[in-house]
DNA sequence: CTGTTAGCGCTTTCAG
DNA sequence: CTGAAAGCGCTAACAG
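Protein chains in written order, with the UniProt record's numbering: chain A, 1 to 334; chain B, 1 to 334.
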């Protein structure tokens, strides 16, 4: 391995001068600089980032820690990456597998030390577990959980979004709207928040809230949603609308409705949440709640930068606004 | 910050003993061990991974470097993660933004030094650029490009997959099949390989190959595909089948066909490539070529482990087999 | 503008 | 089974 002292010897300067040329932290005379760069080139030197990190106490790297790499998180990550890079830092993704044990491990101070800042999308940790995370590292939490006040946090307007989607379907004539993937008690606070919004929409319209229309799913996948909805159809419970708590769930619903011979939106209106890319392409277009991924990404990075600049700043808690995007899966679109 | 020497002092042992307890590299007497662990607990010590990395020359971390975080790569990453973790290493994702400049930078030896091994999904680099990557780091290349022989490499059976999908639609009665997203000359070798498979299917069936049916897309997104296909419809070119070079492209085709009032598969058969989750849920189900993500992930991790164990092993070049998954978007399914 | 010194926190090596 | 010394490769701080 070629080290800085090899380069220094080759160029006839001190190690410090090589360091200064490469990091631009102090001015170096033009001729000296040229000799150093020539030596770097000749020897094929590349700085050892691990050594730099240890000495400088800085890695110029931000981690985004997510439950899984695909779907929602992949889309958000692609929004965050350019914002982090714009500040001259690298973004790396790690995943926790939505497994509380792994999630705690990802949060171990040891692992966090590798980064200058961390964006953590909490999936399975409750407030108490988060409270045990004691680190001076700048952390911004993303996600729908309740978190200790001392953390910066961004969540979506879950109730509001669910209410908007449900009201929209009520206005379109639906009277028996399933809340697919929603729950009364759940490790995922998001599913209960969105259930509440679904209830609120009913109350506002003077419609009764029937618990049988809250349909949980066993696995939060399209497949799980498909099976759950097919079970409802088989049970004979009449319905004319489906509010899916996420677009991934809505996708499973689309499949189940098609297989059951139910037409969207004629027989059943359908709305989702997250506004994934796919929702605008699946015919007839899935009405969804747009959480403004880009805006959330910007807020997240802004909070993290603020926190990295000032560890003592008061924690900020943002509820990101959402909006309804009407497509062909509900009446009133097109 | 609490360091090992703080712990050593607290426990009344040497720094070395603390290190041995924590890394399990040398046996430590039970009572000593207990004192050390108590001190670790009392002080809240966490090992400094950067220092460990520098000294040990090892990070126990593998990087998967991909063009973007979403869709295809996110799904593959979720398959790879558990395999890497099973060997006691961490997986991190970095992205190159499918931009040749960034891709070269991600490949800088400096950045690679941070990892014990790298899985690199080449998107925009040609063989010459890859040939300039000179590093002793274990690297396994993934993707459809041609790569220098000295690299381990896994690619899909692109021609074969395209041929299978196209032949299947020909058997189902299609005679005018668009190759949507395919190309004659392209930075993406994949798009030309799949075009060749489309041609082969025609030749085998004794059908003419009409260049007008090769429809490039400007951006490799569903939206780009949707627009390209709407343009074809508007042009009046008759067609009764669409081979989409990826499922993301196929999704855009589904939207465009629906908007044009063309029924799938009655008026137009449709097949994609990649077998993304979404393809099984979009009605009527998109016939696709399954690249066996899990198998590719296993091969990739196997090659990387072999390379990490033996830097001098001969490079292996794997063409991963694919299979046709028939769904409702083609006749002969269901 | 350039150099010298010291040391980041850990683990390898050698010694007991 | 435990310890002391040395140093991984780099940069902050201080000197000239």
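Even glycine gets a Cβ: it sits at the ideal position worked out from N, Cα and C.
The beta carbon of residue 226 of chain B falls within 8 Å of a beta carbon belonging to chain A, placing the residue at that interface.
With contacts defined as CB atoms closer than 8 Å, residue 89 of chain B and residue 62 of chain B qualify as a contacting pair. Annotation for residue 331 of chain B: 172, 173, 265, 269 place their beta carbon closer than 7 Å to its own, counting only its chain and skipping 5 residues before and after. The residue among B:242, B:69, B:142 with its C-alpha nearest the C-alpha of residue 288 of chain B is B:242. Interface with chain B (8 Å Cβ-Cβ cutoff): residue 74 of chain A is included. Taken in chain order, the unbroken stretches of beta strand (DSSP E) that lie wholly in the stretch 277-305 of chain A and span 3 residues or more are 287-290. Look at residue 118 of chain B here: in three-state DSSP terms it is strand.
Neighbours of residue 95 of chain B in chain A, taken as residues at a C-beta separation under 7 Å, are given in chain order as 81.
In the three-state DSSP reduction, residue 64 of chain B falls in the strand class (E or B). Contacts with chain B at 8 Å (Cβ-Cβ) include residue 46 of chain A. Residue 85 of chain A is bridged by DSSP to nothing; it lacks a bridge partner. Straight across, the Cα-Cα distance linking residue 26 of chain B with residue 223 of chain B is about 58 Å. Taking a cut-off of 8 Å for Cβ pairs, the stretch 280-287 of chain A and the stretch 244-258 of chain A touch, as three or more such pairs fall below it. Not a single unbroken stretch of the beta strand (DSSP E) spanning 3 or more residues falls wholly within the UniProt domain "HTH lacI-type" (2-56) of chain B.
Shortest Cα-Cα distance from residue 53 of chain A to any of A:71, A:118, A:114, A:217 involves A:114. Along the stretch 245-261 of chain B, going in chain order, the ones with a CB nearer than 7 Å to a CB of chain A are 251, 252, 254, 255, 258. DSSP assignment within the stretch 229-285 of chain A yields the following whole alpha helix (DSSP H) runs of 4 residues or more, N-terminal first: 247-259. Excluding its 5 nearest sequence neighbours in each direction, residue 191 of chain B has C-beta neighbours in its own chain below 7 Å: 181, 182, 183, 245, listed in chain order.
DSSP, read as helix, strand or coil, puts residue 315 of chain B in coil. Proximity of residue 114 of chain A to chain B, defined by a Cβ-Cβ separation below 8 Å, is satisfied. Nearest C-alpha to residue 49 of chain B among B:43, B:249, B:19, B:66: B:19. In the DSSP annotation of this structure, residue 152 of chain B is not part of any alpha helix (DSSP H); the continuous beta strand (DSSP E) holding it starts and ends at 152-156.
When C-alpha distances from residue 272 of chain B are compared across B:150, B:3, B:177, B:93, the shortest belongs to B:177. Under the 10 Å beta carbon count, residue 71 of chain B is surrounded by 16 or more other beta carbons and is classified as buried. Judged by DSSP secondary structure, residue 130 of chain A falls within the alpha helix (DSSP H) whose first and last residues are 127-131. Residue 134 of chain B sits in coil when the DSSP states are folded into three classes, being neither helix nor strand. In this model, residue 157 of chain A and residue 1 of chain B are separated by some 38 Å (Cα to Cα).
Ranked by Cα distance from residue 311 of chain B, the first of B:237, B:136, B:228 is B:136. Along the stretch 137-153 of chain A, there is no position whose C-beta sits under 9 Å from a C-beta of chain B.
The beta carbon of residue 83 of chain B lies closer than 7 Å to those of 297, 298, 301 in the same chain, with the five residues before and after it left out. Going by DSSP, residue 201 of chain A is part of the alpha helix (DSSP H) stretching over 189-204. Straight-line measurement puts the Cα of residue 111 of chain A at about 29 Å from the Cα of residue 186 of chain A.
Judged by DSSP in its simplified three-state form, residue 207 of chain A adopts coil rather than helix or strand. It is roughly 45 Å from the alpha-carbon of residue 308 of chain A to the alpha-carbon of residue 216 of chain B. For residue 119 of chain A, the nearest beta carbon of chain B is not closer than 8 Å to its own beta carbon.
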